[in-house]
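Enquirer: Structure in structure tokens, see below.
Numbering (our numbering), first residue to last: 5 to 300.
If you want it as structure tokens, here you go:
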């Protein structure tokens, strides 16, 4: 379906859509004003946040499409309502845009597929339901899908808390995680269960380490990356991973977490190791000494 087609300055700047369970591609097709195109923001309707998730491009920092020929994916676990809003790039600017919502079909497995392979496919699909929340200084709570950056190399900023949710988690799998602060604040290092927020909000207390643990699944592993101030990007893989800077005191300024299948014989990674990649030698942030605060 097409949304906002022919919309001008003030008419129909927002649409609310009822979506069934499934996968949907939000496609920002075109805009009348190519020089200053309006931006398109996609969010679950109030009260429907747990029914769906927004899957962003790995380099995106939020559910906003800034120009035509861009898009994102919405995964709807149970029928819910999606809100799509078009806002002008400048005061008095155009809101004329074409935004298309396209359902992505899952297809059917071949009739001869063995039960063992079916189980593997089901596990892989389930991992796509992982949601990661990060509280970022000056920006508030940001929720992304698996393997998507919160802050990170493209937009480093102080991360003050994290939470993981996995609605489709296999019943046998247990996940716990913890965060640490440089000054040993209350709650530092305490393991919490899935769905629990670990960290602070609006207190200018950056995280200095994140620990992830998984049990009950020999065929799954964490794949995580993190950026710490003035340190190389780290990558860790395993059923227990620890992400921290060289001295355990560097502020966390970006993180992304995913879950993948693994061979049962693989050994857990117990400590992250530096990952060399182009443009990731050092991460610098904090543009001034003014204390940043955020309220959510």
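Using N, Cα and C, we set each Cβ at its ideal position, and we do this for glycine too.
Computed from a predicted structure; not experimentally measured.
(1) Verify whether the separation of the beta carbon atoms of residue 78 and residue 56 is less than 8 angstroms.
(2) Taking contact to mean at least 3 C-beta pairs separated by less than 8 angstroms, is the region 137–153 in contact with the region 53–72?
(3) What separation, rounded to the nearest whole angstrom, lies between the Cα atoms of residue 206 and residue 169?
(4) In its own chain, which residues sit with a C-beta less than 6 angstroms from the C-beta of residue 218, not counting the 5 before and 5 after it?
(5) Please list, in chain order, all residues of the same chain as residue 159 whose beta carbon is under 7 angstroms from its beta carbon, the five residues on each side excluded.
(6) Taking the beta carbon of residue 139 as the centre, do at least 16 other beta carbons fall within 10 Å, making it buried, or is it exposed?
(7) Looking only at its own chain, which residues have a Cβ that is under 6 angstroms from the Cβ of residue 132, when we skip the five neighbours before and after it?
(8) Using the three-state DSSP reduction, which class does residue 68 fall into: helix, strand or coil?
(9) Quick one, are the C-beta atoms of residue 198 and residue 173 less than 8 angstroms apart?
(10) Could you pull the DSSP bridge partners for residue 211 from this structure?
(11) Rounded C-beta distance between residue 28 and residue 108? I'm assuming under 8 angstroms.
(12) Buried or exposed: which applies to residue 135, given that a residue is buried once 16 or more other Cβ atoms fall within 10 Å of its Cβ?
(13) Taking the alpha-carbon of residue 46 as reference, which of 142, 40, 76, 245 has the nearest alpha-carbon?
(14) Compute the Euclidean distance between the alpha carbons of residue 58 and residue 250, then round it to the nearest angstrom.
(15) For residue 211 and residue 43, what's the separation of their Cα atoms in angstroms?
(16) I need the boundaries of the beta strand (DSSP E) containing residue 31, first residue and last residue.
(17) For residue 45, which three-state DSSP category applies?
(18) Answer with buried or exposed for residue 156, where buried requires no fewer than 16 other C-beta atoms within 10 angstroms of its C-beta.
(19) Please determine, among 209, 208, 214, the residue with the shortest C-alpha to C-alpha distance to residue 167.
(20) Using CA atoms only, rank isn't needed, just tell me which of 264, 18, 257 is closest to residue 142.
(21) So residue 90 and residue 17 are supposed to be a Cβ contact under 8 angstroms. How far apart are they, rounded?
(22) My guess is that residue 216 and residue 228 are in contact by the Cβ rule of under 8 angstroms, so how many angstroms apart are they, rounded?
(23) Comparing C-alpha positions only, which one of 204, 71, 202, 85 sits nearest to residue 92?
(24) Measuring CB to CB, does residue 253 end up less than 8 angstroms from residue 186?
(25) Among the candidates 245, 153, 161, 39, whose CA atom is the shortest distance from the CA of residue 225?
(26) Give me the Cα-Cα distance between residue 163 and residue 259, rounded to the nearest whole angstrom.
(27) Decide if residue 62 is buried, meaning its Cβ has at least 16 other Cβ atoms within 10 Å, or exposed.
(28) Please state the DSSP three-state secondary structure of residue 82.
(29) By DSSP's criteria, residue 199 is part of a beta bridge. Which residues make up the other side?
(30) Which two residues bound the contiguous beta strand (DSSP E) that contains residue 235?
Expert: In short:
(1) Position 74 of the chain shown holds residue 78. Position 52 of the chain shown holds residue 56. The answer is yes: Cβ separation under 8 angstroms.
(2) Touching, yes.
(3) Position 202 of the chain shown, counting from 1, holds the residue named residue 206. Position 165 of the chain shown, counting from 1, holds the residue named residue 169. In this structure, the straight-line span from the alpha carbon of residue 206 to that of residue 169 is close to 22 angstroms.
(4) Translated into the one-based positions of the chain shown, residue 218 becomes position 214. Counting only Cβ-Cβ distances below 6 angstroms, and skipping sequence neighbours, we find 179, 243.
(5) By 1-based counting over the chain shown, the position of residue 159 is 155. Leaving aside the five residues that flank residue 159 on each side, the residues in its chain whose CB is nearer than 7 angstroms to its CB run, in chain order, 65.
(6) Within the chain shown, numbered from 1, the residue matching residue 139 stands at position 135. So residue 139 ends up on the buried side.
(7) Here residue 132 refers to the residue found at position 128 of the chain shown. So no residue of the chain qualifies.
(8) Numbered from 1 along the chain shown, position 64 holds the residue referred to as residue 68. Note: residue 68 maps to strand in three-state DSSP.
(9) The sequence position of residue 198 within the chain shown is 194, counting from 1. The sequence position of residue 173 within the chain shown is 169, counting from 1. Closer than 8 angstroms, so yes.
(10) Against the chain shown, residue 211 aligns to sequence position 207. Looking at the DSSP assignment, residue 211 forms a beta bridge with 185.
(11) Here residue 28 corresponds to residue number 24 of the chain shown, with the count starting at 1. Here residue 108 corresponds to residue number 104 of the chain shown, with the count starting at 1. The pair is a contact, with the Cβ atoms about 7 angstroms apart (cut-off 8 angstroms).
(12) By one-based count along the chain shown, residue 135 stands at place 131. With 16 or more other CB atoms across the displayed protein chains lying within 10 angstroms of its CB, residue 135 is buried.
(13) On the chain shown, position 42 is the one that residue 46 refers to. Closest by C-alpha distance to residue 46, out of 142, 40, 76, 245, is 76.
(14) To locate residue 58, count along the chain shown from 1; it is residue 54. To locate residue 250, count along the chain shown from 1; it is residue 246. Pairing residue 58 with residue 250, the inter-Cα distance amounts to about 33 angstroms.
(15) By 1-based counting over the chain shown, the position of residue 211 is 207. By 1-based counting over the chain shown, the position of residue 43 is 39. Residue 211 and residue 43 have their C-alpha atoms some 32 angstroms from each other.
(16) As a first step, residue 31 must be located in the chain shown, where it is residue number 27. Looking at the DSSP string, the run of the beta strand (DSSP E) that includes residue 31 is 26–35.
(17) Locating residue 45 in the chain shown gives position 41, where the first residue counts as 1. Residue state, collapsed to three classes: strand.
(18) Walking along the chain shown from the start, residue 156 turns up at place 152. Burial call: buried.
(19) By 1-based counting over the chain shown, the position of residue 167 is 163. Nearest of 209, 208, 214 to residue 167, Cα basis: 214.
(20) As a working mapping, residue 142 is identified with position 138 in the chain shown. For residue 142, the closest of 264, 18, 257 by C-alpha to C-alpha distance is 257.
(21) Numbered from 1 along the chain shown, position 86 holds the residue referred to as residue 90. Numbered from 1 along the chain shown, position 13 holds the residue referred to as residue 17. Residue 90 to residue 17, Cβ: 5 angstroms. Contact.
(22) To locate residue 216, count along the chain shown from 1; it is residue 212. To locate residue 228, count along the chain shown from 1; it is residue 224. With 8 angstroms as the limit, residue 216 and residue 228 qualify as a contact, their Cβ atoms being about 6 angstroms apart.
(23) Position 88 of the chain shown, counting from 1, holds the residue named residue 92. Nearest option by C-alpha distance: 71.
(24) For the purposes of this step, residue 253 is taken as residue 249 along the chain shown, with counting starting at 1. For the purposes of this step, residue 186 is taken as residue 182 along the chain shown, with counting starting at 1. The answer is yes: Cβ separation under 8 angstroms.
(25) In the chain shown, counting from the first residue as 1, residue 225 sits at position 221. The residue with the shortest Cα to Cα distance from residue 225 is 245.
(26) Working through the chain shown from its first residue, we reach residue 163 at position 159. Working through the chain shown from its first residue, we reach residue 259 at position 255. The C-alpha of residue 259 is placed about 8 angstroms away from the C-alpha of residue 163.
(27) Looking up residue 62 in the chain shown gives position 58. An exposed status is given to residue 62, since fewer than 16 other beta-carbon atoms sit within 10 Å of its beta-carbon.
(28) In the chain shown, residue 82 corresponds to position 78, counting from 1. Residue state, collapsed to three classes: coil.
(29) The count along the chain shown starts at 1 and reaches residue 199 at position 195. In the DSSP output, where bridge partners are listed per residue, residue 199 has none listed.
(30) In the chain shown, counting from the first residue as 1, residue 235 sits at position 231. No beta strand (DSSP E) holds residue 235; DSSP gives it neither H nor E.
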